[in-house]
């Protein structure tokens, strides 16, 4: 049961001349819910993008379900929830059409969708509370509802691992609750979660372990750090540094 | 109407209808990935192929398919690398393409009117073998674009998600690039390289004014493309106007009708159903971009 789902060893990532991650190692085992925390520009999003092979590693290795990333083919075991839905060129798409993309990893590109695909899409829409918006254009949804559509897309493929990039950034409270509910259901079903967050909000009770990234390195790996003082207030705008030597302020990287 | 008794007019009509159906089926993916004008650029490149074909005494359409496909693959490589100099590379390719075409056509024995036929289309000179090429390639494009819609939609909508879904993203992108080149080349005989993009883009632009979903947009765009092609050829035959230009103007007219009609319908519906005030959206303060 405790086989590593994700194993990152001494990974380094650089864009052009800039180093974003250096010597990062991280293991996530089956059934764990791990949050990657960190300030803006700390490299936390880059870390999960490297795990998924969306940015190339300049050193180190990533293993998914026991297979090196380069030879990993079982993408149907992974559900990815990006930060936000791209605007695209303005061609409308219904919520159902977007969520149905989540079935492609399982179905392949040549087989037309069948009853199992439709049932999975309906189930995922219900899980995030968007069943009544299924045939609306996704552009008419609020930001939070769009984010829920993206998690439904990931859930529709019935993955074993969910990877979420800032799922609750800028999302209204109702959507955050719906989001946390859908995630809890997934975790109760034995799923593994790796998520990047700036602020945990209603997701906090679900998190088993927190990994704090600072300046391209992991500086904490263990229990979720307790917010203290005015940081603990529910309406606190969470912009403080997560590591002692990090410069304070929203705009400092 | 008796003009359509002549075989050359029948061929013109069939060719226009096939292209009217196939061009928007491909164009919707181009619009979605913000490459609405790529058809125009590939058309420029195809002209070099036409020139080379005329010079070498080979089928201009065939050589143009090859040259335009190479150009489209080059454009796709530049696009997927995401280099900032991408648009400059495209400019070099496009203007090189049209200049090369004009020069090569000039070097060949053909007359200037021959160049005009490719620049602005020449539906009524389509020969029976030309028609077979157009129908076969058009059918292939149509089948691919409709059958692979879920995958092509996923790649055009969210390329990173498609990669994490394990889709063959590079192969699908190449398929769209090469299909664009083929569509441009077969449409070249109908509306000309300078007007091809209109048939790929304008029906899609019209359809997305009123449709809510991707599939609905695609169906409506293909219907509008078919209508523009048919009515355009009919106008050209009755009023003796240039067929390519007539088809494109009919497409633009249908865009205006659909856009105005859609706006009017929405206004009427809002007026009739004073729907409950929309729930106020919470502020979406997005402070981060890590």
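Residue numbers (the UniProt record's numbering), protein chains in the order written: chain H, 1 to 253; chain P, 1 to 290.
Glycine included, every Cβ here is placed at the ideal spot set by N, Cα and C.
- By the Cβ criterion, the stretch 216 to 232 of chain P is in contact with the stretch 192 to 203 of chain P, since at least three pairs of Cβ atoms, one from each stretch, lie closer than 8 Å.
- When Cβ-Cβ separations below 8 Å define contact, residue 19/H makes no contact with chain P.
- In this structure, the beta-carbon distance from residue 164/P to residue 39/P does not fall below 8 Å.
- Residue contact with chain P for residue 133/H: absent (no Cβ-Cβ distance below 8 Å to any residue of chain P).
- Out of 144/P, 162/P, 221/P and 74/P, the CA that lies nearest to the CA of residue 103/H is found in 162/P.
- Annotation note: the stretch 44 to 94 of chain H contains the following uninterrupted beta strand (DSSP E) runs of length 3 or greater, listed N- to C-terminal: 59 to 64 and 78 to 81.
- In terms of beta-carbon proximity, residue 136/H lines the interface with chain P, with at least one pair separated by less than 8 Å.
- What residue 14/H touches in chain P, judged by beta-carbon distance under 9 Å, is nothing: the nearest beta carbon there is about 16 Å away.
- Residue 155/H is not bridged by DSSP to any residue.
- Taking C-beta separations shorter than 6 Å and ignoring five residues to either side along the sequence, the partners of residue 220/H in its chain run 212, following chain order.
- The Cβ neighbour count for residue 265/P, taken over all protein chains shown within 10 Å, is under 16; the residue is labelled exposed.
- Within chain P, no residue has its CB atom less than 7 Å from the CB of residue 60/H, the nearest being about 20 Å off.
- Non-local beta-carbon contacts of residue 27/H in its own chain, meaning distances under 8 Å to residues more than five positions away in sequence, involve 4, 6, 7 and 8 in chain order.
- The alpha-carbon separation between residue 13/H and residue 51/H amounts to approximately 11 Å.
- When C-beta distances to chain P are compared with 9 Å, the residues of the stretch 31 to 57 of chain H below that value are 38, 39, 40, 41, 42, 43, 44, 45, 46, 49, 52, 53 and 54, in chain order.
- Contact with chain H is found for residue 165/P, since one of that chain's Cβ atoms lies less than 8 Å from the residue's Cβ.
- In summary, the residues of the stretch 175 to 205 of chain P whose CB is separated from some CB of chain H by less than 8 Å are 204, in the order they occur in the chain.
- Residue 9/H has 61/H as its beta-bridge partners, per DSSP.
- Look at the beta carbons and you see the stretch 203 to 210 of chain P not touching the stretch 8 to 19 of chain P: under three pairs across the two are nearer than 8 Å.
- Pairwise C-beta distances place the stretch 130 to 145 of chain P out of contact with the stretch 66 to 79 of chain H, as fewer than three of them are shorter than 8 Å.
- Take residue 96/H, set aside five residues on each side of it, and the residues of its chain with a beta-carbon closer than 8 Å to its own are 121, 125, 134 and 135, in chain order.
- Residue-level contact by beta carbon holds for residue 94/H and chain P, with a gap shorter than 8 Å.
- Taking residue 89/P as the centre and dropping the five residues before and after it, the same chain places the C-beta of 78 closer than 7 Å to its C-beta, in chain order.
- Counting C-beta pairs with one atom in each stretch, the stretch 140 to 148 of chain P and the stretch 31 to 46 of chain P have fewer than three that are closer than 8 Å, which means they do not touch.
- Under the Cβ distance rule, residue 104/H counts among the residues neighbouring chain P, one pair being separated by less than 8 Å.
- For residue 230/P, the closest of 190/P, 26/P and 217/P by C-alpha to C-alpha distance is 190/P.
- If you look at residue 109/H, you'll find it isn't in any beta strand (DSSP E); DSSP assigns it neither H nor E.
- DSSP places residue 183/P in no beta strand (DSSP E) but in the uninterrupted alpha helix (DSSP H) bounded by 169 to 191.
- When C-beta distances to chain H are compared with 9 Å, the residues of the stretch 140 to 157 of chain P below that value are 147, 148, 150, 151, 152, 153, 154, 156 and 157, in chain order.
- With distances taken between CA atoms, residue 93/H lies nearest to 156/P out of 156/P, 99/P and 203/P.
- Residue 49/P: member of the alpha helix (DSSP H) spanning 38 to 56, first to last residue.
- The shortest CA-to-CA distance from residue 177/P to any of 68/P, 105/P, 100/P and 122/P is the one to 68/P.
- Within the same chain, 11, 12, 13 and 50 come within 7 Å of residue 57/H by CB-CB distance, once the 5 residues on both sides are set aside.
- For residue 160/P, a Cβ of chain H is located within less than 8 Å of the residue's own Cβ.
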